[in-house]
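Residue numbers (the working numbering), protein chains in the order written: chain D, 324 to 1124; chain Y, 956 to 1254.
Every residue gets a Cβ at the ideal spot worked out from N, C-alpha and C, and that includes glycine.
The structure under discussion appears below in the form of structure tokens.
Dropping the structure here:
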């Protein structure tokens, strides 16, 4: 990559976010602000009140006669007009956008009302008479595994885990359940669909975030060739954090409804629908065994994982389970790993993307077992971590499961974190308090060291099938992204992204990157972030997930800009009578290197290219628009040994949480929280710190407050924000953020993703800290005050007995 | 989350409002701040035929003081309890609990009378009124009557108001010299419905507790007065060892008096534990506050 990061020095600077003024003035254009087609009818969905029930019949007559109602459709109506939603694994339960014959989770759509407005649609929806025959529901993942509701059961072995476990000085075991929690963006789902019967094609406006593999899945379920599904995203997003990948099922629902009814339709999800049926993280139960040498060296890991993906295997699941496959050993050098992964169906809402995606669940198990190992060995957890960290000279480091860690200095990050909290001093204070007999407020210190993968390899999901099964299909790999860049006749630049930002500030950063390459100011660069699958340069891996913007999305902009810069240099070389290689682009000028007064403005060059193409150097293609694609390196399909480089870049995060637990109430207070990050080159440091803070809040939630809870019958108990307790600004502790920088050799700008690391680390660090404070080993998340108090009561009773 | 169809009426006079209520009875619902009612409408949990919006009625936001009573109009916004200096001085207990009612922005809309008529067993203002021994004035075409706080809160979301009655005034005993007050609650997040709350009004005389009322909220189907718990404090100097013992005993009696329920968030045992802790806390607050306020010479 030529030129990126040099001339204007915009990369690494912190210009104001170009997105903010629109948002602060209340001029954002979100899905519900759009009226792209006149006369769209409104949808309301009838949803199953039962977690599992046979649908014996649906009487739609009263609803159809309700004022303003155009149509009432059932699952059978939609199934006749389309096809099931494709799943990643053959043999998964057939899934339709609207249930056919059987409803398998509370909240599953069973009928669609089309009416003049949403009020009338909801009035009619109440009149749809569904005859349900309730069936037994399975809610608990372990019971689901026992009952045989297993979609995929795979075992993996790397090194010689059995021998290492047998020979170990000590081994420790633990079970670490990680319940469901959800992203809860401010803006819920929304879809506007317009089926054009003239050409049998569908245009959809939806606040979908990618990945665009799901465009293919949606087109398949709509019975359309992909070229006849035009998907457009709104200019602004009220956040996603992963969950809006799940909009694709509703794209199918609304698309087929528009097809059947012959009118455009719009569906804006409300919060009750969102909490019940949009999606959440998986519920994972991890049994882990770790073998240690006497000096604290980690010798082997054995995982037995049961992953609840809900009633259907909604694409891209079971990706949550395999996203971290190359990083199952975390930050440690251990070479012997055994894994059993079972994916199970329950009668709960299908799961999907949620910030951290598989990381929080993995690291809760791994970092808690490291803590237990240290306790068993009588060593300090910091020393045990340090003993096992991948050393700086080992990079690029191939993990036993196939991951390829690009760069880092893990021990230095750990030292930074330990120094920042005064670890020794804290341990002294803790010992003094314990000795002093002041038992009312207990101090705890928790550590988490996590490798944060970014830029997912699209091929890792195929690990859910055996290598023989994989061989029957086509191999999948890589992670490509495209961007289009054009210079107008006055020298201004437009960039079109396919990274579908959800609030992160991609437009700001893309302008910085293009400005540096072209010698312009970001103000000269207008960035459009709306996705239009008929317009944008995209691939199946396009979209907003796996923290891929800094590493690969921005790199596509840099590559397109570099190609445009090359063309401008050729034109300038012709004008300035020098070799193109001797031309530099600085301050809106093309200049001869070393002769600042010999130059020509880019505006003049652009004008010539547009107005007078005959003047261009011989053989140069006219036009100043470039579309470029880049793909992260080293992302091969899984090999026959089930090794996979599941991500292209790997940042490193060390968290130290210092907590105080009030014994009388069980309340956890966070006294200090330090996080040290190494995410390579930082493109916009202020946005980086915003991402880290947001990621921390997203991890603190399930650690302390948030959980999506169903009762034994599968009824949702957290159906509103009264019971689903999101961490808000008053609950999120002050975070102290420190940085290190070892640029990635694998990404063009040296940047790594960093928006998910603290979601992965915070639950582990906080759980370690609270367990350290209380001397209780088996606390389950979220660590709410009542739950902690109950655990202490149980402990007190046990001790008395 | 759209409400079912309803008729909307916005009377300009009290007479018109009362006539509408008389006409529709059970089918009518009074809309004040709407902080609780509007979500219930949107969730289709409430299905009134007629919404009677009383925001245009004159005079329902006024505050008067005299004869040891502070009278606040039913439409006084909750935020006034927080922000008005004279109100804070006259109604320290209501002011102490105000920051816990919902959220900053909802208090700009939510009304004092609406909160009392709504009779949510987890409401802060019902607990404050009960603890102080206040009352409300309700009016209908049949006439007007006062209802004491102990009769007002019947059951969760059920008050003693008849369907044709409108709550128009709230009568709070004004804070008198040598009285002190305390309020505390525990919620998982600030602004959430409390898992438990307690309030105390205490008169101190000659270094001992002369009178005391201890109220408990969110731990039964309505706010409760822990009278037995309060009685053990009378005559005690809470600064002494015997006082400590009395406070502990009161807290323990309060915990026993609570009738909490178990839900997703907390068990009965945890809520009783909170009642005990919070009771101790508010009794102590009341004791100290009474001393401070005696020094100030009262309102």
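N- and C-terminal bounds of the alpha helix (DSSP H) containing residue 1072/D: On the first chain, residue 1072/D is found 749 positions in, with the first residue counted as 1. Premise fails: residue 1072/D is in no alpha helix (DSSP H) and is neither H nor E.
Closer than 8 Å, CB to CB, is residue 1143/Y near chain D or not? Here residue 1143/Y is taken as the residue at index 188 of the second chain, counted from 1. At least one chain D Cβ lies under 8 Å of residue 1143/Y.
Any chance you could list the alpha helix (DSSP H) runs of at least 4 consecutive residues sitting entirely within the region 515 to 592 of chain D, in chain order? Within the region 515 to 592 of chain D, the complete alpha helix (DSSP H) runs of at least 4 residues are 536 to 545 and 571 to 584.
Does residue 324/D have its Cβ less than 8 Å from a Cβ in chain Y? Sequence index remark: in the first chain, residue 324/D carries index 1 (1-based). For residue 324/D, the predicted model reports a pLDDT of 38, less than 50, meaning its position is unreliable and no value from the coordinates is stated.
Those residues which DSSP pairs with residue 497/D across a bridge: Here residue 497/D refers to the residue found at position 174 when the first chain is read from its first residue. According to DSSP, residue 497/D shares a beta bridge with 611/D.
Does DSSP put residue 428/D in a helix, in a strand, or in coil? As a working mapping, residue 428/D is identified with position 105 in the first chain. Look at residue 428/D here: in three-state DSSP terms it is coil, with no helix or strand label.
State yes or no: is the C-beta of residue 1149/Y within less than 8 Å of the C-beta of residue 1140/Y? Along the second chain, one-based indexing puts residue 1149/Y at 194. Along the second chain, one-based indexing puts residue 1140/Y at 185. Less than 8 Å separates the beta-carbon of residue 1149/Y from that of residue 1140/Y.
Residues in the region 1207 to 1223 of chain Y having any Cβ partner in chain D nearer than 7 Å: If you check each beta-carbon in the region 1207 to 1223 of chain Y against every beta-carbon of chain D, the ones closer than 7 Å belong to 1219, 1220, 1221 and 1222.
Helix, strand or coil, according to DSSP, for residue 962/Y in the structure here? Counting from one through the second chain, the residue named residue 962/Y turns up at place 7. DSSP places residue 962/Y in strand when its eight states are reduced to three.
Using beta-carbon positions only, say whether residue 1175/Y and residue 1208/Y come within less than 8 Å of one another. Start at 1 with the first residue of the second chain, and residue 1175/Y comes out as number 220. Start at 1 with the first residue of the second chain, and residue 1208/Y comes out as number 253. Taking the C-beta atoms as reference points, residue 1208/Y is found no nearer than 8 Å to residue 1175/Y.
For residue 725/D, which residues in the same chain have their Cβ closer than 6 Å to its Cβ, ignoring the five residues on either side in sequence? On the first chain, position 402 is the one that residue 725/D refers to. Within its own chain, the residues whose Cβ lies closer than 6 Å to the Cβ of residue 725/D, once the five positions on either side in sequence are excluded, are 649, 966, 967 and 968, listed in chain order.
Determine the closest residue to residue 495/D out of 416/D, 715/D, 922/D and 688/D, with distance taken between C-alpha atoms. Locating residue 495/D in the first chain gives position 172, where the first residue counts as 1. Answer by Cα proximity: 688/D.
Tell me whether residue 521/D is buried or exposed, calling it buried when 16 or more other Cβ atoms sit within 10 Å of its Cβ. Position 198 of the first chain holds residue 521/D. Its Cβ having fewer than 16 others within 10 Å, residue 521/D is exposed.
Using a Cβ-Cβ distance cut-off of 8 Å, determine whether residue 595/D contacts chain Y. Translated into positions along the first chain, residue 595/D becomes position 272. Yes, residue 595/D counts as interfacial toward chain Y.
By DSSP, does residue 1120/D sit in helix, in strand, or in coil? To locate residue 1120/D, count along the first chain from 1; it is residue 797. Of the three classes helix, strand and coil, the one that applies to residue 1120/D here is helix, per DSSP.
Is the CB of residue 1045/D under 8 Å away from at least one CB in chain Y? Sequence index remark: in the first chain, residue 1045/D carries index 722 (1-based). Between residue 1045/D and chain Y, the shortest Cβ-Cβ separation is below 8 Å.
As a quick exercise: from 578/D, 867/D and 1048/D, pick the residue whose alpha carbon is nearest that of residue 503/D. As a first step, residue 503/D is located in the first chain; it is residue number 180 there, counting from the start. Ranking the options by Cα distance to residue 503/D, first place goes to 1048/D.
Residue 1008/Y lies in the beta strand (DSSP E); which residues open and close that run? Taking the first residue of the second chain as position 1, residue 1008/Y is located at position 53. From DSSP, the beta strand (DSSP E) with residue 1008/Y extends over 1005 to 1008.
Provide the residue(s) that pair with residue 1169/Y in DSSP beta bridges, ordered along the chain. Taking the first residue of the second chain as 1, we reach residue 1169/Y at position 214. Partner(s): 1155/Y.
Alpha-carbon spacing of residue 1166/Y relative to residue 1136/Y, whole angstroms: Looking up residue 1166/Y in the second chain gives position 211. Looking up residue 1136/Y in the second chain gives position 181. Going from the Cα of residue 1166/Y to the Cα of residue 1136/Y covers about 12 Å.
For residue 1106/D, which residues from the same chain have a beta carbon less than 8 Å from its beta carbon, with the 5 sequence-adjacent residues on both sides left out? Taking the first residue of the first chain as position 1, residue 1106/D is located at position 783. These residues qualify, in order along the chain: 991, 1026, 1027, 1089, 1090 and 1093.
Nearest to residue 862/D by CA position, among 850/D, 875/D and 851/D, is which residue? Reading the first chain from its first residue, position 539 is the one you call residue 862/D. Closest option to residue 862/D, Cα to Cα, is 875/D.
For the region 499 to 517 of chain D, which residues have a beta carbon sitting closer than 9 Å to at least one beta carbon of chain Y? Listed by position along the chain: nothing, the set is empty.
Residues in the region 1159 to 1172 of chain Y having any Cβ partner in chain D nearer than 8 Å: Shown here is that no member of the region 1159 to 1172 of chain Y has a Cβ falling below 8 Å from a Cβ of chain D.
Give me the chain Y residues within the contact set of residue 1048/D, using Cβ-Cβ distance strictly less than 9 Å, ordered along the chain. Sequence index remark: in the first chain, residue 1048/D carries index 725 (1-based). Within chain Y, 1143, 1144, 1147 and 1220 have C-beta atoms less than 9 Å from the C-beta of residue 1048/D, given in sequence order.
Just verifying my parser: in three-state terms, what is the DSSP assignment at residue 356/D? The count along the first chain starts at 1 and reaches residue 356/D at position 33. DSSP, read as helix, strand or coil, puts residue 356/D in helix.
Inspect the beta-carbon positions of residue 481/D and residue 659/D and report whether they are closer than 8 Å. Here residue 481/D corresponds to residue number 158 of the first chain, with the count starting at 1. Here residue 659/D corresponds to residue number 336 of the first chain, with the count starting at 1. Less than 8 Å separates the beta-carbon of residue 481/D from that of residue 659/D.
To be precise: take each residue of the region 1220 to 1249 of chain Y, compare its Cβ to all Cβ atoms of chain D, and keep it if any distance is under 8 Å. Which residues remain? Residues of the region 1220 to 1249 of chain Y with a C-beta atom less than 8 Å from some C-beta of chain D are 1220, 1221, 1222, 1224, 1225, 1228, 1229 and 1232, listed in chain order.
From 1116/Y, 1216/Y and 992/Y, pick the residue whose C-alpha is nearest to that of residue 1008/Y; which is it? Residue 1008/Y sits at position 53 when you count from the first residue of the second chain. Nearest C-alpha to residue 1008/Y among 1116/Y, 1216/Y and 992/Y: 992/Y.
Below 8 Å on the Cβ atoms is my contact criterion, and I expect residue 1077/D with residue 1015/D to pass it. Report the Cβ-Cβ distance as a whole number of Å. Counted from its first residue, the first chain places residue 1077/D at position 754. Counted from its first residue, the first chain places residue 1015/D at position 692. So it is a contact: roughly 7 Å between Cβ atoms.
Can you give the Cα-Cα distance for residue 938/D and residue 945/D, rounded to whole angstroms? The residue you call residue 938/D lines up with position 615 of the first chain. The residue you call residue 945/D lines up with position 622 of the first chain. Using only the alpha carbons, I get a separation of about 10 Å.
Report the rounded CA-to-CA distance for residue 968/Y versus residue 1118/Y, giving the unit in angstroms. By 1-based counting over the second chain, the position of residue 968/Y is 13. By 1-based counting over the second chain, the position of residue 1118/Y is 163. Approximately 18 Å between the Cα atoms of the pair.
Sub-8 Å separation of residue 1074/D and residue 873/D beta-carbons: Position 751 of the first chain, counted from the start, is the residue given in the question as residue 1074/D. Position 550 of the first chain, counted from the start, is the residue given in the question as residue 873/D. Contact: yes.
For residue 959/Y, go through chain D and note every residue whose CB falls closer than 9 Å to its CB, in chain order. Sequence index remark: in the second chain, residue 959/Y carries index 4 (1-based). Under the 9 Å cutoff, chain D gives 442, 445, 446 and 449.
Rounded to a whole number of angstroms, what is the C-alpha to C-alpha distance between residue 457/D and residue 972/D? Your numbering for residue 457/D matches position 134 in the first chain. Your numbering for residue 972/D matches position 649 in the first chain. If I take the Cα positions, the gap works out to 48 Å.
Using a Cβ-Cβ distance cut-off of 8 Å, determine whether residue 1040/D contacts chain Y. As a working note, residue 1040/D is residue 717 in the first chain. Using a CB distance cut-off of 8 Å, residue 1040/D counts as an interface residue toward chain Y.
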